[in-house]
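Quick note on numbering: the sequence shown equals residues 15 to 559 in the numbering used here. Written below as structure tokens is the structure these notes are about.
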Amino acid sequence: MSGLDSLPAWLDAGATPPAPAFAAALPGLACAQALTPLQRLARLRESGLAECGFAGEPLYQSWRQFLRGYGRSYGRRYGHSDLAPTLVVDAAGLDPHALGAAAVLDGAPWRLAEGLLIAAGLRGTQRVELRLPPELTGREAPLLNALDTIRLRGFPATRLRVDVRRNSLPGCRSDGHADGSHLVHTPETWCRVAQIFAASADTVDAALLTLRRGLKQRGLVELRRNDVLRRLIYDWGGGVGVEGRDAVLVFDNGMGGFLPLSEADLSCQPLALAAAGIAPSPSSLMVVAEGVCLVEQTRRALYRTWQLAENEPASIRSLLARSARLVAEITVGRGERRHLAELDELALELATQGLAAAWPLGSALRYFRDQWESHARRESSTRSCPEKLCLVRHAAPCHAICPANIDIPSFIAHIGHGDYSKAIEVITRDNPLPLTCGLVCPAPCESACVRSNGDGAVFIRPMKTKAAEHCLAEGAYPKPDLAPPTGKRIGIVGSGPAGLTAAYYLRTLGHAVEIFEAQEQAGGMLRYGIPGWSSAAATSPSTWR
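Here is the structure:
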């Protein structure tokens, strides 16, 4: 294989039946039907076939566990009451930009169906669960058509019922959640099973890999596992297209780990990649310049892994949260040497628990230790962070977008503790009219709230109103500290919100202020321009004190 257009023929077969006769159309299934379940397991073990995805473990291990019917922890963990044996096609990979799953679903549905039917004979399985991520919505049609064609042609095969689970997300574990009631493989792995039993000429120890940005050639390649990784990069990928002395290899969009290009002289066998601290069977590879901040990249990968752990036990979520928090503290300048020592222990614990977070954390700590050390020493961002991203405490998104620059996280924290006076003190540092703002502000902060993608944005504007009403009910807003008199007198024309705000802050600076207003009452647009139903309380003089 010398180019990206040299993919195997089985990956471009399309949905057309390969032959009218059973033995020619499904040679792997025809062979498997002459074998007992134990003989099928022995055939798989002799082949040495490894998982194309997840931890890249030998397939016979999960098949043996499935054949024995042990390990019912999956159903308890994920709330499944029905533990009937199920074959799972998991197309949700760690990198949504990887092309392998889509290529198999579109180009090799007959191979995929054949692999499922071979495994169905182990325990008389009739259920198939097809997990599709959002980016592969609608890609189930070729497989369903292939299974229907097999049934209509009367081929001797188990009739399978397919349950399509759309909008599925990858798990945070590296083993694919395989157990005794669910046999879980990627679409490509199911095709490799069919190849093994058919003794196809395409049967090779290989896996599909998507070459992404940073390589001079991009696209889908078949990575032969006996080859050397550097050869893939320089021969198949055309070399790297980034500048720098030592580029960085990024696997599975960072969630599969990081490796310096200088360390790429290793076999692509899963055990060799695992020993190097990266994903044993990655689905994608990209190359970035050596100046990238691996501490920040690790933080993003750990946060994403924590998000994927929603259905995991509390102990697992706590372990992932602790890892992500320690890395986050390092990036904002709160790191110490003890953080690195604890992260080393956590990386080992993550690997022991079979969690994919071990790959980005372990590889980054192993190969880019100097970056972690300089971050932990809290040196200036120009020295410790190559991208100048870390050690700078950026404002929260809600705070950054607020036109009045109100410290929203701080005042919400005070409200959470029931200290409304402190909350108003925080607000009035930048806006002396909290109740007015709480009634008429368009609330751009709520659109920027980071919880919008979770259970919904925080209702920030009504919280200002609540704090203001509590303070006014107790007498008035807390009075600000005043600077010593400067002897300067300032006149302000207009008592609208701008004039009142200017007068407020000039007075706190020690200047004498006098406001001139043409209308009978003060308030400007608050009184005469905004409908009364939304500003009646805001125009009360008690809110301007």
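Think of the CB as a built atom: it goes at the ideal place given N, C-alpha and C, for glycine as much as any other residue.
Next on the checklist: Within 10 Å of its beta-carbon, does leucine 52 have 16 or more other beta-carbons around it, so buried, or fewer, so exposed?
Outcome noted: Counting Cβ neighbours within 10 Å, leucine 52 comes out exposed, since fewer than 16 surround it.
Item to check | Whole-angstrom C-beta distance between glycine 135 and alanine 46, which should lie under 8 Å | outcome: Rounded to whole angstroms, the Cβ separation of alanine 46 and glycine 135 is 6 Å, and the two are in contact under 8 Å.
Item to check | Host beta strand (DSSP E) of valine 262 (start-end) | outcome: Looking at the DSSP string, the run of the beta strand (DSSP E) that includes valine 262 is 262-265.
Checklist entry - How about the stretch 492-506 and the stretch 471-481: do they share at least three Cβ pairs that are nearer than 8 Å? => result Contact fails: fewer than three Cβ-Cβ distances are below 8 Å.
Item to check | 7 Å Cβ shell around alanine 459 - same chain, five flanking residues per side excluded | outcome: Correcting the residue type first, residue 459 is cysteine in the shown sequence and not alanine. Hits under 7 Å: Cys412, Ile415, Cys416, Ile422 and Ile474.
Next on the checklist: Please state the DSSP three-state secondary structure of proline 284.
Outcome noted: Taken through DSSP and simplified to helix, strand or coil, proline 284 comes out as helix.
Next on the checklist: Under DSSP, the beta strand (DSSP E) around valine 101 begins and ends at which residues?
Outcome noted: It should be noted that the sequence gives leucine, not valine, for residue 101. First-last of the beta strand (DSSP E) with leucine 101: 100-104.
Item to check | Cα-Cα separation between cysteine 463 and alanine 457, rounded to whole angstroms | outcome: Going from the Cα of cysteine 463 to the Cα of alanine 457 covers about 10 Å.
Item to check | Cβ pair alanine 116, leucine 150 closer than 8 Å | outcome: With respect to leucine 150, alanine 116 sits close: the two C-beta atoms are nearer than 8 Å.
Checklist entry - With a cut-off of 8 Å, do at least 3 Cβ pairs link the stretch 249-268 to the stretch 63-76? => result Under the Cβ criterion (8 Å, minimum of three pairs), the stretch 249-268 does not count as touching the stretch 63-76.
Checklist entry - What residue ranges within the stretch 133-202 form continuous alpha helix (DSSP H) runs of no fewer than 4 residues, ordered along the chain? => result Entirely contained in the stretch 133-202, the alpha helix (DSSP H) runs reaching 4 residues are, in chain order, 155-166.
Next on the checklist: Considering Cα atoms alone, identify which of Arg443, Phe265 and Val118 is closest to alanine 155.
Outcome noted: Residue Val118 holds the alpha-carbon nearest to the alpha-carbon of alanine 155 among Arg443, Phe265 and Val118.
Next on the checklist: So for glutamate 460, helix, strand or coil by DSSP?
Outcome noted: DSSP, read as helix, strand or coil, puts glutamate 460 in helix.
Item to check | N-terminal and C-terminal residue of the alpha helix (DSSP H) that alanine 536 is part of | outcome: Unbroken run through alanine 536: none, as it is neither H nor E.
Checklist entry - Between the stretch 314-326 and the stretch 282-302, do three or more beta carbon pairs fall short of 8 Å? => result Judged by Cβ distances under 8 Å, the stretch 314-326 makes no contact with the stretch 282-302, as fewer than three pairs qualify.
Item to check | Assumed close pair phenylalanine 530, glycine 510 - CB separation to whole angstroms, cut-off 8 Å | outcome: Phenylalanine 530 to glycine 510, Cβ: 12 Å. No contact.
Checklist entry - Between the beta-carbon of leucine 174 and the beta-carbon of leucine 144, is there less than 8 Å? => result Taking 8 Å as the cut-off, the Cβ atoms of leucine 174 and leucine 144 do not count as close.
Next on the checklist: Let me check understanding here. Comparing Cα to Cα, which of Leu514, Leu523 and Gly513 lies closest to leucine 496?
Outcome noted: Closest option to leucine 496, Cα to Cα, is Leu523.
Checklist entry - Using the beta-carbon count (16 or more within 10 Å), is serine 95 buried or exposed? => result Note that serine 95 scores 43 on pLDDT, short of 50, meaning its location in the model is unreliable; the coordinates nonetheless yield the value given after this. Exposed.
Checklist entry - Rounded to the nearest angstrom, how far is the Cβ of leucine 158 from that of valine 176, given a contact under 8 Å? => result That pair is a contact at about 6 Å.
Item to check | Bridge partners - arginine 238, DSSP secondary structure assignment | outcome: Answer by DSSP bridge pairing, in chain order: Ala220.
Checklist entry - Are cysteine 205 and leucine 243 close, meaning C-beta to C-beta below 8 Å? => result It is not a contact, given that the beta carbons lie outside the stated cut-off.
Item to check | DSSP three-state assignment for serine 548, whether helix, strand or coil | outcome: Residue placement at serine 548 is flagged as unreliable, the pLDDT there being 49, under the threshold of 50; a coordinate-derived value is accordingly withheld.
Next on the checklist: Can you check which of these residues, Val306, Asp241 and Met269, is closest to aspartate 279 by C-alpha distance?
Outcome noted: Ranking the options by Cα distance to aspartate 279, first place goes to Asp241.
Checklist entry - Run through DSSP, which three-state label would alanine 410 get? => result When secondary structure is reduced to three states using DSSP, alanine 410 falls in the coil class, being assigned neither helix nor strand.
Checklist entry - Out of curiosity, what's the CA-to-CA distance linking tryptophan 24 and leucine 113? => result The straight-line gap from Cα to Cα measures roughly 16 Å.
Checklist entry - Do proline 110 and threonine 139 have their C-beta atoms within less than 8 Å of each other? => result No. Outside cutoff.
Next on the checklist: Using a 10 Å radius around the Cβ and a threshold of 16 neighbouring Cβ atoms, would you call glutamate 439 buried or exposed?
Outcome noted: By the 10 Å Cβ count, glutamate 439 comes out buried.
Checklist entry - Straight-line CA distance for glycine 566 to histidine 525? => result Lying outside 15 to 559, the shown extent of the chain, residue 566 is not represented and no answer is given.
Item to check | serine 87 classed as buried or exposed, judged by whether at least 16 other C-beta atoms fall within 10 angstroms | outcome: A caution first: serine 87 carries a pLDDT of 44, below 50, which makes its placement in the model unreliable, though a value can still be read off. In the assembly as shown, serine 87 is an exposed residue. Its beta-carbon has fewer than 16 other beta-carbons within 10 Å.
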